[in-house]
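To keep things clear, I will list the structure first and then write my remarks on it.
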Amino acid sequence: MQKRVAIITILAEDQPRAQVKVCGWVRSVRRGKEVSFIALNDGSCFASLQLVVVPELLDKLPAGLGTGACLSVQGELIASPAEGQQWELQVSAIELLGGVDESFPLQKKRHSFEFLRSIAHLRPRSNSFGAVFRMRSALSFAVHQFFQQRHFVHVHTPIITANDCEGAGEMFRVTTLDPQQPPQTAGEVDWSEDFFGARTGLTVSGQLQGELFATAFSDIYTFGPTFRAENSNTSRHASEFWMIEPEMAFCDLAGDCDLAEDFLRHLVGYALEHCSEDLDFFDQRIEKGLLNKLQGLHTAEFQRVSYSDAVAQLQKSGQKFEFPINWGSDLQSEHERFLTEKIFAGPVFVTDYPKEIKAFYMRDNDDGKTVAAMDLLVPRVGEIIGGSQREERLDRLQQKMAAQGIGAGDLEWYLDIRRWGSCPHAGFGLGFERLLMYLTGMENIRDVIPFPRTPGHADF
Ligand code: 4AD
Ligand code: MG
4 MQKRVAIITI
14 LAEDQPRAQV
24 KVCGWVRSVR
34 RGKEVSFIAL
44 NDGSCFASLQ
54 LVVVPELLDK
64 LPAGLGTGAC
74 LSVQGELIAS
84 PAEGQQWELQ
94 VSAIELLGGV
104 DESFPLQKKR
114 HSFEFLRSIA
124 HLRPRSNSFG
134 AVFRMRSALS
144 FAVHQFFQQR
154 HFVHVHTPII
164 TANDCEGAGE
174 MFRVTTLDPQ
184 QPPQTAGEVD
194 WSEDFFGART
204 GLTVSGQLQG
214 ELFATAFSDI
224 YTFGPTFRAE
234 NSNTSRHASE
244 FWMIEPEMAF
254 CDLAGDCDLA
264 EDFLRHLVGY
274 ALEHCSEDLD
284 FFDQRIEKGL
294 LNKLQGLHTA
304 EFQRVSYSDA
314 VAQLQKSGQK
324 FEFPINWGSD
334 LQSEHERFLT
344 EKIFAGPVFV
354 TDYPKEIKAF
364 YMRDNDDGKT
374 VAAMDLLVPR
384 VGEIIGGSQR
394 EERLDRLQQK
404 MAAQGIGAGD
414 LEWYLDIRRW
424 GSCPHAGFGL
434 GFERLLMYLT
444 GMENIRDVIP
454 FPRTPGHADF
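Take 4 as the starting number for the sequence shown in my numbering and just add one per residue.
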């Protein structure tokens with residue numbers, strides 16, 4: 004079989020080619036008397052290759068040529084006389100690998116994202132989702148590039164775990180016990196009879212295990228799936244999402260923010276450099292001004308404000324919020340968006356939150372009221388990163404766990420790294436889908452992950 008050439012390679016040629024083979028899916032067919040034009044897309048890039056086909060070849064094809072059909076063609080690559088494209092392929096042989104009929108749902112007209120979600124098995128073949136998933140692939144490479152260049156060690160943290168890192172009780176259970184008749188002791192399910200001999204679930208974060216590795220390799224990162232059984236049906240929450248979690252020994256909260264800022268800037272720069280064709284599409288069709296926003300972000304300093312100042316500024320703003328804002332209460336997404344979109348008009352770190360509303364592992368500040376936490380907020384998306392300096396002092400950590408009702412029994416290993424060779428350390432989590440929403444302008448998290456899992460939906 005002659006080797007096919009990817010369309011991205013062909014479109015980057017600097018001279019004509021005599022015999023090339025390309026394969027892909029038909030985006031459109033324009034039939035003419037003398038020649039017909041077929042736009043062929045193989046997903047390797049946004050653009051389609053124009054095929055020029057004479058009627059004698061088309062007439063020999065079996066029925067089934069139309070939008071969505073799969074073709075293998077060979078021909079000569081020549082300079083195109085048509086405007087807006089450099090090359091076209093004068094087809095000398097054509098084979099219909101997979102035909103279509105008119106019931107193929109992705110016809111030329113523009114479909115709503117909601118409709119496309121219902122055909123998530125076919126939507127990668129649309130322009131929008133082609134662009135989204137190529138960006139997703141490129142950015143996941145950029146994540147590794149950033150950390151590998153800085154000598155961070157990549158750690159695969161477990162997916163099945165007995166620990167609820169965020170302590171929010173949002174874990175999906177993993178069990179082999181019979182749901183009808185679980186073994187019981189004194190009226191309670193006896194988890195010691197379960198497969199792992201303990202109550203386990205899907206991880207909500209790789210952080211706790213990441214911390215263990217940071218106290219051996221200094222700088223580490225994780226990049227994996229995380230699961231949250233939180234019943235919030237919003238455009239920014241998924242039950243299964245991907246998170247990148249760096250953890251650094253010998254680092255405080257300011258250093259943590261510095262890394263987050265460099266990281267985001269690297270990712271934006273990578274997208275601008277390597278995904279320009281897809282970004283042009285998002286800029287024109289999804290979020291007007293996206294390119295300007297990203298170019299601005301690439302050079303901007305991110306602002307930093309303490310939670311206490313942020314609350315004061317929100318109160319002073321005179322804006323009416325659905326949830327009134329008081330010191331001590333968590334920021335709602337309406338507050339977060341007002342801060343980043345109106346008050347700071349750009350990315351902003353909010354730091355030093357009240358300890359009552361944050362997880363047990365965050366380091367106590369000296370004021371006795373706040374912890375060394377940070378959230379990075381960006382316009383349109385809101386919180387994109389959450390992180391903190393960790394409590395590295397054994398006695399303080401034990402007190403905090405007791406205060407939050409967390410038994411040390413299951414976390415002795417976590418306490419051990421404070422017992423032996425403890426050190427200041429810090430880290431954060433970037434939600435990969437939130438990043439993609441920010442970079443593409445897509446407004447719903449369901450549209451930046453191939454097969455979204457949300458309450459009531461685990462299709463495909
Ligand atoms: O703020 P979170 O809950 O922080 C942690 O999990 C820490 N253990 C991270 C760390 O310090 N290593 O989550 C981090 C980020 C959020 O800022 C958000 O971008 C994303 O993960 N995220 C979600 N993304 C999609 N759907 C959800 N349900 C998400 N929950 C959090
Ligand atoms: Mg958070």
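Where a beta carbon is used, it is the ideal one built from N, C-alpha and C, also for glycine.
When DSSP builds the beta bridges, which residues end up paired with residue i?
i, result
"residue 349", "According to DSSP, which records beta bridges pairwise, residue 349 is partnered with nothing at all."
"residue 44", "28"
"residue 87", "Residue 87 is not bridged to any residue."
"residue 464", "Residue coverage of the chain in this structure runs from 4 to 463, which leaves residue 464 outside it and unanswerable."
"residue 39", "56"
"residue 186", "Answer is none; residue 186 lacks a bridge partner."
"residue 370", "In the DSSP output, where bridge partners are listed per residue, residue 370 has none listed."
"residue 244", "229"
"residue 356", "374"
"residue 98", "75"
"residue 204", "164 and 176"
"residue 252", "428"
What do you reckon, are the CB atoms on residue i and residue j nearer than 7 angstroms?
i, j, result
"residue 158", "residue 216", "yes"
"residue 322", "residue 341", "yes"
"residue 212", "residue 160", "yes"
"residue 378", "residue 360", "no"
"residue 429", "residue 138", "no"
"residue 271", "residue 300", "yes"
"residue 389", "residue 432", "yes"
"residue 112", "residue 31", "no"
"residue 243", "residue 456", "yes"
"residue 133", "residue 46", "yes"
"residue 76", "residue 61", "no"
"residue 103", "residue 78", "no"
Thinking just about the alpha-carbon of each residue, which of the options is nearest to the one in residue i?
i, options, result
"residue 52", "69, 291, 80 and 59", "80"
"residue 231", "268, 57 and 208", "208"
"residue 288", "444, 338 and 369", "444"
"residue 143", "173, 225, 383 and 84", "225"
"residue 129", "453, 206, 460 and 93", "453"
"residue 382", "446, 132 and 6", "446"
"residue 92", "10, 112 and 200", "10"
"residue 435", "427, 175, 449 and 426", "449"
"residue 291", "22, 407 and 442", "442"
"residue 411", "327, 363, 258 and 273", "363"
"residue 164", "177, 170, 153 and 171", "177"
"residue 126", "141, 108 and 140", "108"
"residue 367", "117, 396, 233 and 459", "396"
According to DSSP, simplified to helix, strand and coil, what is residue i?
i, result
"residue 75", "strand"
"residue 212", "helix"
"residue 258", "helix"
"residue 62", "helix"
"residue 169", "coil"
"residue 33", "strand"
"residue 328", "coil"
Report the start-end ranges of each beta strand (DSSP E) in the stretch 260-324 that is 3 residues or longer and not cut off at the edges.
306-309
Fully enclosed by the stretch 377-458, which beta strand (DSSP E) runs are 3 residues long or longer?
385-392 and 428-434
What residue ranges within the stretch 94-147 form continuous alpha helix (DSSP H) runs of no fewer than 4 residues, ordered along the chain?
116-121
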